[in-house]
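The block underneath contains the structure these notes are about, expressed in structure tokens.
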């Protein structure tokens, strides 16, 4: 909001004194430069706050997903069937079945 007030003040001054002397042009230049710098700082600050908020949300989502996976791990291991290690004859039969398809 400070930047908007500075712009309106400078524009009000410009309407009445445009082209009077070089010092006024320097004053205008410096005022606009200060306004743009403060505007850039404000935007950078808002973007930093937004990034922090998003990274915190991402961290929370990641943590929740990890907790869900840990809770569901027991259910998944119960549902899966334990298979015995394949012997040489089992591997040959499986490979023959694959070739038939």
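Residue numbers (UniProt numbering): 1 to 101.
Beta carbons are placed, not taken as given, at the ideal position from N, Cα and C, and that holds for glycine.
The model shown is predicted, which means the values in this text are computed figures rather than measured ones.
CB of residue i to nearest heavy atom of the ligand FAD: below 6 Å?
i, result
"residue 36", "Among the components of this structure there are no ligands whatsoever, and the ligand FAD is therefore not found."
Sorted by chain position, which residues of the same chain lie with C-beta nearer than 7 Å to residue i's C-beta, five sequence neighbours on each side aside?
i, result
"residue 57", "none"
"residue 48", "none"
"residue 26", "none"
Please list, in chain order, all residues of the same chain as residue i whose beta carbon is under 6 Å from its beta carbon, the five residues on each side excluded.
i, result
"residue 42", "none"
"residue 29", "none"
Residues in the same chain with beta-carbon distance under 8 Å from residue i, minus the five sequence neighbours each way, listed in chain order, please.
i, result
"residue 55", "none"
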